[in-house]
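Residue numbers (our numbering): 67 to 465.
The C-beta atom is built at its ideal place from N, Cα and C for all residues, glycine as well.
What follows is the structure, given as structure tokens:
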């Protein structure tokens, strides 16, 4: 175990809570992890909440990222430090081919105070708007200056996958009715220069609903519709302000999109956490066939929570097309032991590990990722606030 919550890091700051999405990088001779912290702060501002000490996007927010430098032989922490501070609900994200981590805010709360009609609960009132992606270079040795990538959209972001050849960024949205997006950057590797945000649509099926009644291996021709205003002010009070723009142009609906991963062929795998007739989860794959067209296939749909329940973060196992899937079935009334599952390309699924923690029995797994050499898998137990290192002979896995 490494990077435990509240442990004092090399920069003198306590390790933040709520470990979530992360990735591994080779920086020179070093192995590094850039790790998210999905800190919500009860969705209200708190003075001096920033996890860093220098550069905060919004110092009333306790989310952000930490970077861990790992000894690849002993798998222990050499040093660790805050690398992004002052963001909110940093859930997942994804790596870029140019050596950075994109961390995503899973909220659109901002300066406006929201009041829920049912119970009067107040949220919002922050110093700055939220709901953006931020880029953290893996090579950074201290806190970076936060810059929201507003052209990539203001919505309840979840995960990111970047095409190595084109630089196109694919993104998921975690809402009951959510979209699958792509960002076409103006300049390869320079996301801050802007670009065009688009949402996936099923050809000749406007507002197609993928959430139920989908046969496994169902395949659809798809295209993309452009989001005219990727950063609407109305997102302060309307979490679906971007999504609704896409729907009006015929975009498709998904059920709570979370994990997202891309393979060497440019095929993008993504998880619909509550998709399917049993609401236990779906795994989809998108494959581009031209610049603006592609096809999408339902690889797997869980028939019950005993098989797969609420798939969240995903990653590909080394030298294979098998997916490692983190479960997130830790909600009140939906309690289920969370597993790490393995999905084979032919649709067969198997258990890899279970959360057997006595103190945190409902904690989700998050941030599964392999080291660049493929020898070690790192994964988080979110509520426990700890990163685990798992190693062995991965070549012994058989289809």
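According to DSSP, which residues form a beta bridge with residue i?
i, result
"residue 190", "179"
"residue 366", "349"
"residue 228", "235"
"residue 265", "247 and 291"
"residue 157", "DSSP output for residue 157 lists no bridge partner at all."
"residue 361", "287 and 353"
"residue 88", "101"
"residue 420", "405"
"residue 223", "239"
"residue 377", "393"
"residue 446", "432 and 453"
"residue 196", "Paired residues: none, contrary to the question."
"residue 335", "327 and 351"
"residue 93", "96"
"residue 130", "103 and 151"
"residue 68", "453"
With a threshold of 16 other CB atoms inside 10 Å of the CB of residue i, please say whether the residue is buried or exposed.
i, result
"residue 327", "buried"
"residue 67", "exposed"
"residue 307", "buried"
"residue 89", "buried"
"residue 94", "exposed"
"residue 457", "exposed"
"residue 427", "exposed"
"residue 98", "buried"
"residue 296", "buried"
"residue 380", "buried"
"residue 285", "exposed"
"residue 413", "exposed"
"residue 74", "exposed"
"residue 439", "exposed"
"residue 385", "exposed"
"residue 424", "exposed"
"residue 422", "exposed"
"residue 251", "buried"
For my contact list, residue i and residue j are in at a C-beta cut-off of 8 Å; report their separation, rounded to the angstrom.
i, j, result
"residue 77", "residue 157", "The pair is not a contact, with the Cβ atoms about 23 Å apart (cut-off 8 Å)."
"residue 153", "residue 127", "6 Å"
"residue 122", "residue 151", "5 Å"
"residue 174", "residue 319", "Residue 174 to residue 319, Cβ: 18 Å. No contact."
"residue 176", "residue 358", "In fact, because the Cβ distance is near 32 Å, the residues do not count as touching under 8 Å."
"residue 332", "residue 367", "Not quite, the Cβ-Cβ distance comes to about 24 Å (not below 8 Å), so this is no contact."
"residue 451", "residue 83", "5 Å"
"residue 267", "residue 316", "5 Å"
"residue 160", "residue 227", "5 Å"
"residue 164", "residue 100", "Rounded, the Cβ-Cβ distance is 14 Å, inconsistent with contact."
"residue 463", "residue 388", "7 Å"
"residue 234", "residue 249", "7 Å"
"residue 202", "residue 131", "5 Å"
"residue 170", "residue 225", "7 Å"
Report the rounded CA-to-CA distance for residue i versus residue j, giving the unit in angstroms.
i, j, result
"residue 383", "residue 364", "20 Å"
"residue 417", "residue 432", "16 Å"
"residue 92", "residue 146", "15 Å"
"residue 195", "residue 188", "16 Å"
"residue 373", "residue 337", "15 Å"
"residue 109", "residue 180", "10 Å"
"residue 355", "residue 273", "21 Å"
"residue 118", "residue 69", "16 Å"
"residue 237", "residue 229", "11 Å"
"residue 310", "residue 441", "43 Å"
"residue 200", "residue 294", "21 Å"
"residue 172", "residue 79", "24 Å"
"residue 408", "residue 377", "11 Å"
"residue 243", "residue 323", "9 Å"
"residue 191", "residue 300", "14 Å"
"residue 186", "residue 102", "31 Å"
"residue 329", "residue 184", "44 Å"
"residue 207", "residue 256", "20 Å"
"residue 81", "residue 345", "35 Å"
"residue 371", "residue 144", "39 Å"
"residue 353", "residue 270", "18 Å"
"residue 71", "residue 133", "14 Å"
"residue 351", "residue 415", "16 Å"
"residue 289", "residue 360", "6 Å"
"residue 334", "residue 182", "36 Å"
"residue 107", "residue 461", "42 Å"
"residue 287", "residue 362", "6 Å"
"residue 391", "residue 129", "24 Å"
"residue 96", "residue 135", "7 Å"
"residue 454", "residue 340", "26 Å"
"residue 104", "residue 411", "31 Å"
"residue 283", "residue 114", "50 Å"
### Cβ contact (3+ pairs, closer than 8 Å) linking the segment 253-263 and the segment 274-281
no
### Query
Looking at C-beta atoms only, is the number of pairs between the segment 212-231 and the segment 136-148 that lie closer than 8 Å three or more?
No contact exists between the segment 212-231 and the segment 136-148.
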